[in-house]
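Asker:
Protein chains: 2
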Amino acid sequence: MQKNVSDCNIGIAGLGLMGGAIARALRDKCGVTRLFACDKDNKTLEAARQEGLIDKGFDAANAGEMLALCDIVFLCLNPSLIPGFLEQWKNTFKKGCLVTDIAGTKESIAEAAQKFCEERKSDCLDFIPGHPMAGAEKSGFSNSQLCNFNGKNYILTPLSCNKPQNIELLKNLIYSMGFSRITQVTPAEHDRKIAFTSQLCHVIAAALIDCESDTEITRFGGGSFEDLTRIAMLNAPMWTELFIENRVSLLDRIDQFEKSLEELKTLINNSQSDKLEEKLAAIRDRRIAMSSVQK
Amino acid sequence: MQKNVSDCNIGIAGLGLMGGAIARALRDKCGVTRLFACDKDNKTLEAARQEGLIDKGFDAANAGEMLALCDIVFLCLNPSLIPGFLEQWKNTFKKGCLVTDIAGTKESIAEAAQKFCEERKSDCLDFIPGHPMAGAEKSGFSNSQLCNFNGKNYILTPLSCNKPQNIELLKNLIYSMGFSRITQVTPAEHDRKIAFTSQLCHVIAAALIDCESDTEITRFGGGSFEDLTRIAMLNAPMWTELFIENRVSLLDRIDQFEKSLEELKTLINNSQSDKLEEKLAAIRDRRIAMSSVQK
Numbered sequence: 000m001q002k003n004v005s006d007c008n009i010g011i012a013g014l015g016l017m018g019g020a021i022a023r024a025l026r027d028k029c030g031v032t033r034l035f036a037c038d039k040d041n042k043t044l045e046a047a048r049q050e051g052l053i054d055k056g057f058d059a060a061n062a063g064e065m066l067a068l069c070d071i072v073f074l075c076l077n078p079s080l081i082p083g084f085l086e087q088w089k090n091t092f093k094k095g096c097l098v099t100d101i102a103g104t105k106e107s108i109a110e111a112a113q114k115f116c117e118e119r120k121s122d123c124l125d126f127i128p129g130h131p132m133a134g135a136e137k138s139g140f141s142n143s144q145l146c147n148f149n150g151k152n153y154i155l156t157p158l159s160c161n162k163p164q165n166i167e168l169l170k171n172l173i174y175s176m177g178f179s180r181i182t183q184v185t186p187a188e189h190d191r192k193i194a195f196t197s198q199l200c201h202v203i204a205a206a207l208i209d210c211e212s213d214t215e216i217t218r219f220g221g222g223s224f225e226d227l228t229r230i231a232m233l234n235a236p237m238w239t240e241l242f243i244e245n246r247v248s249l250l251d252r253i254d255q256f257e258k259s260l261e262e263l264k265t266l267i268n269n270s271q272s273d274k275l276e277e278k279l280a281a282i283r284d285r286r287i288a289m290s291s292v293q294k
Numbered sequence: 000m001q002k003n004v005s006d007c008n009i010g011i012a013g014l015g016l017m018g019g020a021i022a023r024a025l026r027d028k029c030g031v032t033r034l035f036a037c038d039k040d041n042k043t044l045e046a047a048r049q050e051g052l053i054d055k056g057f058d059a060a061n062a063g064e065m066l067a068l069c070d071i072v073f074l075c076l077n078p079s080l081i082p083g084f085l086e087q088w089k090n091t092f093k094k095g096c097l098v099t100d101i102a103g104t105k106e107s108i109a110e111a112a113q114k115f116c117e118e119r120k121s122d123c124l125d126f127i128p129g130h131p132m133a134g135a136e137k138s139g140f141s142n143s144q145l146c147n148f149n150g151k152n153y154i155l156t157p158l159s160c161n162k163p164q165n166i167e168l169l170k171n172l173i174y175s176m177g178f179s180r181i182t183q184v185t186p187a188e189h190d191r192k193i194a195f196t197s198q199l200c201h202v203i204a205a206a207l208i209d210c211e212s213d214t215e216i217t218r219f220g221g222g223s224f225e226d227l228t229r230i231a232m233l234n235a236p237m238w239t240e241l242f243i244e245n246r247v248s249l250l251d252r253i254d255q256f257e258k259s260l261e262e263l264k265t266l267i268n269n270s271q272s273d274k275l276e277e278k279l280a281a282i283r284d285r286r287i288a289m290s291s292v293q294k
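Quick note, the sequences are listed as chains Y and D, same order.
Using numbering that gives the first Met the number 0, you'd call the opening residue of the first sequence number 0 and step up by one each time.
Using numbering that gives the first Met the number 0, you'd call the opening residue of the second sequence number 0 and step up by one each time.
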């Protein structure tokens, strides 16, 4: 039976930066009327309830009570916690529930999701792994207003067992939250691509800050440095997890980047103006072509 | 005698992105009434004149005619052209003229400026080298509206022979154009610092684009990739010049960056979570401290 979002109870496990931002979008843009959250921090739950953002909060020890009520569940926990959460609470999910997550790496999540679907197949549970390509350089529920979904990308890595009507429902919900483009790929392709667009960029930003100790260097900033290093204000525990979880793809991307950097360095070192200018012009054209890809 | 900006004729040599942006700021924010420009492209001069931005345009072959009229001159040419321009036109500058430039490297400019001041000492010519820390990823006069100076940094690298009242006048003019912070350093320090905040960042952005040929990769972008590579849409001839001109400092900065990158890579490769998290947390704190430096 096709779910109708306005009749659904929706639950959010983990009310941090992204969990909070999803709650806001569901409430403000999707007209969700029954919204629940569970979190290890009772103060966060209380703040969200007082604000009218959620109808009821459940502390982490009672996550099962919330899950038993929900037709749709967003898992917004740190990636490494998801397999354990599913294992602990799998028998408490409501029959027919549609589960999704927001983790920045997808291979291990897809494996856990597959296991979860198989184990509760008779109850029609479904888990569609996903990754909203949005964030902010601050973390935690109290900064969740900073996280804007308008015009952003969303990646889904559906399992072969996922029900088409659930994929459709989730996609509609994602567009309603403000995202403008959904791309469906395998978990492996997601992890390879994200290693480049997200994790490599964070490693580079971090390395840039690591190699300059003078905080007054910002006097010499003209925008480039600020833009390249804003994301160095990262959530250290979460990015540590993501880097290590996706290290095979990430190390491969770092190697490719180092090779390109080395090539540029050689041209500069040898003062090969013509070749350098030709290369920079080609790079400029490629970046413009990337900007022109339609959303 | 102290110049009064409202009585000055101001000339701009080179009406590209920055020359155009400076002309706009002088006209719109500083109330400059007599503004001239010379450029190799007569169409640009005509467009600027028709718009009412400049009072008269002089083609490149007649730069001397403009210089003879001007009390203040902004040299907005590609850095490599400046010494030759000074050599060619030095005898045409008006007595007492204050000259400045906007080049992204300062050691060779300071040398040329010193020579210029000495040669026309008896006519009280003054040249204060400068670098407005503003730009845009598009080039040319037609994009000069994109270049906003509000809240930006400006670096001056005065010579020991520069007249204090001229430095004061230029600083007032810079603040009037919208810049919020002026830092005075030696040309050598400028070049070392800019190698990091500007040139290294451009090399990194270029290398990032160089190592990914799939233009559809933007489907997987969440903001970080876009922010880190926007400046890869660079003016290839100008940046080739800047990279090669400042290659000693730049290569040194690339080496430092590669070392930091290598360290992070090793921690990721060895899955050293604790050390990696500790390092990322320190990087985060340093970046936040950089953001907090008062303007």
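Ideal placement from N, C-alpha and C gives every residue a C-beta, glycine not left out.
Keep in mind that this is a model prediction, so the values were computed, not measured.
1) Ignore the nearest five residues each way along the sequence and tell me which others in F148/Y's own chain have a CB closer than 8 Å to its CB.
2) Which residue's Cα is closest to the Cα of T156/Y: I9/Y, A102/Y, D284/Y?
3) What are the start and end residues of each continuous alpha helix (DSSP H) run of 4 or more residues lying completely inside the region 73 to 110 of chain Y, in chain order?
4) Quick check on the DSSP output: the alpha helix (DSSP H) that includes P163/Y runs from which residue to which?
5) State the Cα-Cα distance for the pair N161/D and W238/Y, rounded to the nearest angstrom.
6) Quick one: which chain Y residues come within Cβ less than 7 Å of P236/D?
7) Report the start-end ranges of each beta strand (DSSP E) in the region 130 to 155 of chain Y that is 3 residues or longer and not cut off at the edges.
8) Using Cβ-Cβ distances below 8 Å, what residues of the region 2 to 36 of chain D are close to chain Y?
9) Which residues in the same chain as G10/Y place their Cβ atom closer than 6 Å to its Cβ, once the five residues preceding and following it in sequence are excluded?
10) One question on the structure: do E215/D and V4/Y come within less than 8 Å of each other, judged by their Cβ atoms?
11) Leaving out five residues before and five after I230/D in sequence, what residues of the same chain have Cβ atoms less than 7 Å from its Cβ?
12) Hey, would you say L74/Y sits closer than 8 Å to C96/Y, going by beta carbons?
13) Given that K264/Y touches chain D, what residues does it touch there, using C-beta distances under 7 Å?
14) Quick one: what's Q255/Y bridged to in DSSP?
15) Would a check of beta-carbon distances place N152/Y closer than 8 Å to chain D?
16) Touch check for the region 276 to 292 of chain D and the region 257 to 271 of chain Y: three-plus C-beta pairs under 8 Å?
17) Measuring only the C-alpha atoms, how far is T182/D from K170/D?
18) What is the residue span of the alpha helix (DSSP H) that I53/D lies within?
19) Can you name the start and end residues of the beta strand (DSSP E) that D38/D belongs to?
20) Quick one, which residues of the region 130 to 145 of chain D are near chain Y if we go by CB-CB under 7 Å, in chain order?
21) According to the neighbour-count rule (16 or more other Cβ atoms, all chains shown, within 10 Å of its Cβ), is A187/D buried or exposed?
22) Inspect the beta-carbon positions of T196/Y and S223/D and report whether they are closer than 8 Å.
23) Look up I9/Y in the DSSP assignment and give the residues it is bridged to.
24) What did DSSP end up calling Q183/Y once you bin it into helix, strand or coil?
25) Would you mind reading off the limits of the alpha helix (DSSP H) that contains D273/Y?
26) So, is A288/Y buried or exposed, given that buried needs 16 or more other C-beta atoms within 10 angstroms?
27) Please list the terminal residues of the continuous alpha helix (DSSP H) segment that includes D125/Y.
28) What does DSSP give as the partner residue(s) for D226/D in the beta ladder?
29) Determine, using beta carbons only, whether S107/D comes closer than 8 Å to chain Y.
30) What separation, rounded to the nearest whole angstrom, lies between the Cα atoms of G308/D and A47/Y?
31) Name, please, each residue of chain D whose Cβ falls closer than 8 Å to the Cβ of T156/Y.
32) With 7 Å as the C-beta to C-beta threshold (strictly closer), list the residues of the region 154 to 182 of chain D near chain Y in chain order.
33) Let me know the secondary structure DSSP gives D58/D once reduced to three states.
34) For the region 95 to 122 of chain Y, list every residue whose C-beta sits within 8 Å of some C-beta in chain D, in sequence order.
35) Quick one, which of Q255/D, N234/D, I267/D has its alpha-carbon nearest N245/Y's?
36) Which residue comes first and which comes last in the alpha helix (DSSP H) that contains G221/D?
Answerer: Looking at the coordinates:
1) The residue given as residue 148/Y occupies position 149 in the first sequence. Its chain contains A20, A24, P131, A133, M176, G177, F178 as the residues whose beta carbon lies nearer than 8 Å to that of F148/Y, once the 5 sequence neighbours on both sides are disregarded; these appear in chain order.
2) On the first sequence, residue 156/Y is found 157 positions in, with the first residue counted as 1. That would be A102/Y, whose Cα lies nearest to the Cα of T156/Y.
3) Qualifying alpha helix (DSSP H) stretches, in chain order: 81 to 88.
4) One-based indexing of the first sequence puts residue 163/Y at position 164. 163 to 175 is the extent of the alpha helix (DSSP H) around P163/Y.
5) Here the question's residue 161/D lines up with position 162 in the second sequence. Here the question's residue 238/Y lines up with position 239 in the first sequence. A straight-line Cα-Cα distance of about 50 Å links N161/D and W238/Y.
6) Numbered from its first residue, the second sequence carries residue 236/D at position 237. Chain Y residues near P236/D: E276.
7) Within the region 130 to 155 of chain Y, the complete beta strand (DSSP E) runs of at least 3 residues are 152 to 155.
8) Residues passing the 8 Å Cβ filter: none.
9) Taking the first sequence and counting its residues from 1, the one referred to as residue 10/Y is at position 11. Excluding positions up to five away in sequence, the list reads F35, M65, C69, V72.
10) Counting from one through the second sequence, the residue named residue 215/D turns up at place 216. Counting from one through the first sequence, the residue named residue 4/Y turns up at place 5. Not in contact: E215/D and V4/Y (Cβ atoms no closer than 8 Å).
11) On the second sequence, position 231 is the one that residue 230/D refers to. E136, C200, H201, A204.
12) Within the first sequence, residue 74/Y is the residue found at index 75, counting from 1. Within the first sequence, residue 96/Y is the residue found at index 97, counting from 1. Not closer than 8 Å, so no.
13) Position 265 of the first sequence, counted from the start, is the residue given in the question as residue 264/Y. Ordered by position in chain D, the residues that pass the 7 Å Cβ test against K264/Y are L250, I253.
14) Within the first sequence, the letter at position 256 stands for residue 255/Y. In DSSP, Q255/Y forms no bridge with anything.
15) Locating residue 152/Y in the first sequence gives position 153, where the first residue counts as 1. Chain D contact via Cβ: present.
16) No: the two stretches stay apart, fewer than three of their Cβ pairs being nearer than 8 Å.
17) On the second sequence, position 183 is the one that residue 182/D refers to. On the second sequence, position 171 is the one that residue 170/D refers to. The C-alpha of T182/D lies about 10 Å from the C-alpha of K170/D.
18) Within the second sequence, numbered from 1, the residue matching residue 53/D stands at position 54. Counted as a single uninterrupted DSSP element, the stretch harbouring I53/D is not any alpha helix (DSSP H), since DSSP gives it neither H nor E.
19) If you number the second sequence from 1, residue 38/D lands on position 39. Run containing D38/D: 33 to 38, per the beta strand (DSSP E) assignment.
20) Of all residues in the region 130 to 145 of chain D, the ones placed with a Cβ closer than 7 Å to any Cβ belonging to chain Y are M132, A133, G134, in chain order.
21) Taking the second sequence and counting its residues from 1, one reaches residue 187/D at position 188. Under the 10 Å beta carbon count, A187/D is surrounded by fewer than 16 other beta carbons and is classified as exposed.
22) Here residue 196/Y refers to the residue found at position 197 when the first sequence is read from its first residue. Here residue 223/D refers to the residue found at position 224 when the second sequence is read from its first residue. Yes, they are a contact pair.
23) The count along the first sequence starts at 1 and reaches residue 9/Y at position 10. According to DSSP, I9/Y shares a beta bridge with L34/Y, I71/Y.
24) For the purposes of this step, residue 183/Y is identified with residue 184 of the first sequence, where counting begins at 1. The answer is strand: DSSP assigns Q183/Y an E or B state.
25) Translated into the one-based positions of the first sequence, residue 273/Y becomes position 274. Bounds of the alpha helix (DSSP H) holding D273/Y are 272 to 291.
26) Here the question's residue 288/Y lines up with position 289 in the first sequence. With fewer than 16 other Cβ atoms within 10 Å, it is exposed.
27) In the first sequence, counting from the first residue as 1, residue 125/Y sits at position 126. Taken as a continuous stretch (DSSP letters only), D125/Y belongs to no alpha helix (DSSP H), being part of the beta strand (DSSP E) at 125 to 127.
28) Translated into positions along the second sequence, residue 226/D becomes position 227. Note: D226/D is not bridge-paired with any residue in the DSSP secondary-structure output.
29) Taking the first residue of the second sequence as position 1, residue 107/D is located at position 108. For S107/D, no Cβ of chain Y is located within less than 8 Å of the residue's own Cβ.
30) This structure does not reach residue 308/D, given that chain D is present from 0 up to 294, and the question cannot be answered.
31) Walking along the first sequence from the start, residue 156/Y turns up at place 157. Correct list: empty, because the minimum Cβ distance to chain D is about 12 Å.
32) Contact residues of the region 154 to 182 of chain D toward chain Y are I154, R180, T182 (C-beta to C-beta distance below 7 Å).
33) As a working note, residue 58/D is residue 59 in the second sequence. DSSP places D58/D in the strand class (E or B) of the three-state scheme.
34) Correct list: empty, as no residue qualifies.
35) Here residue 245/Y refers to the residue found at position 246 when the first sequence is read from its first residue. The option with the nearest alpha carbon to N245/Y is I267/D.
36) As a first step, residue 221/D must be located in the second sequence, where it is residue number 222. Looking at the DSSP string, G221/D is not in any alpha helix (DSSP H), and its letter there is neither H nor E.
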